[in-house]
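Okay, structure first, notes after.
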Amino acid sequence: MTGDLKVAFHTHGPELRNYLRGRLGDAHMAADLVQDTFLRVIERPETRVQDLRAYLYTVARNLLLNHRKQEARRRTDAMPHEWLGDIAADAPSPEDAADATLQLERLQRFIGELPARTQQIFVLNRVDGLTQPEVARALSISESSVQKHLAMAIQHVTQRLRAR
1209 MTGDLKVAFH
1219 THGPELRNYL
1229 RGRLGDAHMA
1239 ADLVQDTFLR
1249 VIERPETRVQ
1259 DLRAYLYTVA
1269 RNLLLNHRKQ
1279 EARRRTDAMP
1289 HEWLGDIAAD
1299 APSPEDAADA
1309 TLQLERLQRF
1319 IGELPARTQQ
1329 IFVLNRVDGL
1339 TQPEVARALS
1349 ISESSVQKHL
1359 AMAIQHVTQR
1369 LRAR
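Heads up: the sequence shown begins at 1209 in our numbering, then just goes up one per residue.
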C-alpha cells in the first residue's frame, strides 16, 4: 500500500494542493492539509477505496471544513472602542443600584411589620433558603404552621407592595 500511496501522492498531491490553496488562499496551509489528507489515509489501512482520487478529495474537503471551523472559533474581530461602551457591565448602573437599595429597604420595612415568629420563618425560608420541613425542624414546629406563617407573610408583603 505504501508504494501505491507514494504514487498517489505524486499524482494527486499537486492537484489537491491547488484545490485547497484556491479555497484557503494560503499555500502553506494547503500543503499541510494535503499531508494531513495522506496521513489520514495511511492511518486507516482497513478502508477499502474504489476511487482513490474521489476519496482523497473527500478527506481533504473534510479537513478544510474542520480547519475553517477552528479558525472561526479562534478569530477575534477587532471592534471600535466606542462599541465597548454598549456592552452591558456586570455591575448595575448607579441608578439601578440606588433603586434596588430603596426596594430592599421597603421590603425590610414590610417584613418588620409582621409578628416576630412570622418574620423568623420568612427569613429562614426566603432569605436563608431553608425548605419548609427544615424550618419546621429548626424551630420545633409543624410544617403546617410554617406554611401558615409563610402564607401570611407573603400576603402581607404583596398587599403592601400593591398599596404603594
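Glycine included, C-beta positions come from ideal geometry on N, C-alpha and C. None of the values given here were measured: they were computed from a predicted structure.
Proximity of residue i and residue j at Cβ, strictly below 8 angstroms
| i | j | result |
| --- | --- | --- |
| His1357 | Ile1329 | yes |
| Leu1224 | Thr1245 | yes |
| Ala1361 | Thr1326 | yes |
Contacting residues, own chain, Cβ-Cβ under 7 angstroms from residue i (five flanking each side not counted)
| i | result |
| --- | --- |
| Met1209 | Only weak support exists for where Met1209 lies, its pLDDT of 47 falling under 50; the coordinates are left without a value. |
| Ala1238 | Arg1225, Leu1228, Arg1229, Leu1232 |
| Glu1351 | Gln1340, Pro1341, Ala1344 |
Anticipated Cβ contact below 8 angstroms, residue i with residue j, distance rounded
| i | j | result |
| --- | --- | --- |
| Leu1241 | Leu1273 | Contact flag wrong, Cβ pair sits at about 11 angstroms. |
Spatial neighbours of residue i in its chain, beta-carbon cut-off 8 angstroms, leaving aside the 5 residues before and after
| i | result |
| --- | --- |
| Ala1346 | Leu1332, Leu1338 |
| Ala1306 | none |
| Ala1268 | Leu1224, Tyr1227, Leu1228, Leu1241, Val1242, Thr1245 |
| Arg1248 | Val1267, Leu1271 |
| Phe1217 | Phe1246 |
Contacts around residue i, its chain only, beta-carbon distance under 6 angstroms, and the 5 residues preceding and following it disregarded
| i | result |
| --- | --- |
| Val1365 | Phe1318 |
| Val1354 | Ile1329, Gln1340, Val1343, Ala1344 |
| Val1257 | Tyr1263 |
| Gly1221 | Val1242 |
| Pro1300 | none |
Residue-level contact to chain B via CB, residue i, 8 angstroms cutoff
| i | result |
| --- | --- |
| Val1365 | The chain labelled as chain B is not found in the depicted structure, where only one protein chain is given. |
Entirely enclosed alpha helix (DSSP H) segments - the segment 1338-1365, minimum 4 residues = 1340-1347
Please confirm if the segment 1249-1264 is in contact with the segment 1274-1285, defined as three or more CB-CB distances below 8 angstroms between the two stretches.
-> no
Can you find at least 3 beta carbon pairs, one from the segment 1331-1341 and one from the segment 1303-1311, that sit closer than 8 angstroms?
-> no
Which runs of the alpha helix (DSSP H) fall wholly inside the segment 1235-1306 and span at least 4 residues, in chain order?
-> 1235-1251, 1260-1282, 1289-1292
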